[in-house]
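To keep things clear, I will list the structure first and then write my remarks on it.
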Ligand SMILES: Nc1ncnc2c1ncn2[C@@H]1O[C@H](COP(=O)(O)OP(=O)(O)OP(=O)(O)O)[C@@H](O)[C@H]1O
Ligand SMILES: [Mg+2]
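Residue numbers (this note's numbering): 108 to 361.
Structure below.
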């Protein structure tokens, strides 16, 4: 069986900056793969290449064997590639439930006309999407916050809300860009449990970009280390921790 995500030989230039040089990333079916590396290594750029937000100068991106090259963001999302953002992107003037419903709407089975005319199909679908969104809020532990304005939630809960919204759009592969940023230790531990359950109960592949090494070492099946836009190492958490190049380039950096 093909790997869920296979990124090969991807290069990206931003003006004078070579952000990625022949970078690679693999997420196997049912795995959490973390992408780590120092600031500016190219992690967010690589997630952008997978989601379709960044166009590489070369290389290939495959989802379960299907070449995604040239597909725009919304078609990759429909194929099952969904991301969250390093700089939290939620709708602060909507409730928690409404935020998650915007994710579910991608799968809506009604047309614009249905929604304008409030046809029975619209009403039925809207109910289904609301239930699906509630299910995702429950999954991340925010069910009782459904009617709270997103901007009124503590930061850690806003991060979980963004995750719930991404899950509502029915991903096969979730790309998480520093989901623990700004969380305290307890929130980070809770997030780790949720990401594990995404893998184990929902069988969604996860590509995790994260600076919190405790979380990364705890939940990752595989780790890829980026350094100056290239892959420095790839392996299990143990192999990565014991790799002297990684220690020199990154883990020993503090
Ligand atoms: N849109 C852009 N235009 C110009 N340069 C960019 C752009 N996006 C990223 N870069 C540059 O590309 C390189 C890789 O950036 P990227 O954001 O992918 O790193 P990162 O590994 O995610 O870092 P961090 O850990 O700080 O989030 C950096 O040198 C960055 O300044
Ligand atoms: Mg980044």
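Cβ coordinates follow ideal geometry from the N, Cα and C atoms, glycine included.
Nearest residue (CA-CA) to residue i, options the options
| i | options | result |
| --- | --- | --- |
| residue 294 | 279, 270, 273, 264 | 264 |
| residue 236 | 298, 292, 169, 276 | 276 |
| residue 141 | 225, 314, 267 | 314 |
| residue 280 | 139, 348, 340, 210 | 139 |
| residue 190 | 292, 269, 335 | 269 |
| residue 239 | 262, 255, 251, 274 | 274 |
| residue 118 | 234, 282, 291, 333 | 333 |
| residue 356 | 250, 143, 137, 109 | 143 |
| residue 157 | 347, 284, 307, 310 | 284 |
| residue 290 | 306, 267, 302, 303 | 267 |
Distance CB(residue i)-CB(residue j) smaller than 9 Å
| i | j | result |
| --- | --- | --- |
| residue 331 | residue 131 | yes |
| residue 135 | residue 328 | yes |
| residue 127 | residue 152 | yes |
| residue 159 | residue 120 | no |
| residue 200 | residue 272 | no |
| residue 248 | residue 301 | yes |
| residue 256 | residue 209 | no |
| residue 137 | residue 310 | yes |
| residue 188 | residue 282 | yes |
| residue 115 | residue 167 | yes |
| residue 312 | residue 111 | yes |
Sheet register partners of residue i (DSSP bridge)
| i | result |
| --- | --- |
| residue 120 | 125 |
| residue 130 | 117 |
| residue 334 | 337 |
| residue 329 | 140 |
| residue 190 | 282 |
| residue 169 | 113, 174 |
| residue 312 | 280 |
| residue 202 | 256 |
Own chain residues within Cβ distance below 7 Å of residue i, not counting five before or after
| i | result |
| --- | --- |
| residue 352 | 339, 340 |
| residue 212 | 236 |
| residue 125 | 336 |
| residue 113 | 133, 169 |
| residue 299 | 322, 325, 326 |
| residue 155 | 161 |
| residue 287 | 295, 298, 317, 319, 322 |
| residue 122 | none |
| residue 345 | none |
| residue 347 | 330, 332, 340, 353 |
Cβ shell of residue i (< 6 Å), same chain only, five flanking positions each side left out
| i | result |
| --- | --- |
| residue 245 | none |
| residue 350 | 340 |
| residue 109 | 171, 172 |
Sequence-distant residues of its chain with Cβ nearer than 8 Å to residue i (five each side left out)
| i | result |
| --- | --- |
| residue 361 | Low confidence applies here, because residue 361 scores a pLDDT of 48, under 50, leaving its location unreliable and the question unanswered by this model. |
| residue 106 | The first residue shown for the chain is 108 and the last is 361, placing residue 106 beyond what the model contains. |
| residue 204 | 237, 240, 241, 244, 253, 254 |
| residue 218 | none |
Check: residue i C-beta below 8 Å from any heavy atom of ligand 3
| i | result |
| --- | --- |
| residue 283 | Annotation note on ligand 3: not contained in the displayed structure, which lists ligand 1 and ligand 2 as its ligands. |
Below-9 Å beta-carbon distance, residue i vs any chain C residue
| i | result |
| --- | --- |
| residue 336 | Included in the structure is just one protein chain, with no chain C present. |
Query raised in the report: Three or more beta-carbon pairs under 8 Å between the segment 227-234 and the segment 316-334, yes or no?
Result: Output reads no: the segment 316-334 does not touch the segment 227-234.
Report task. Could you tell me whether the segment 134-148 touches the segment 181-197, using the rule of 3 or more Cβ pairs below 8 Å? Result -> The segment 134-148 is not in contact with the segment 181-197.
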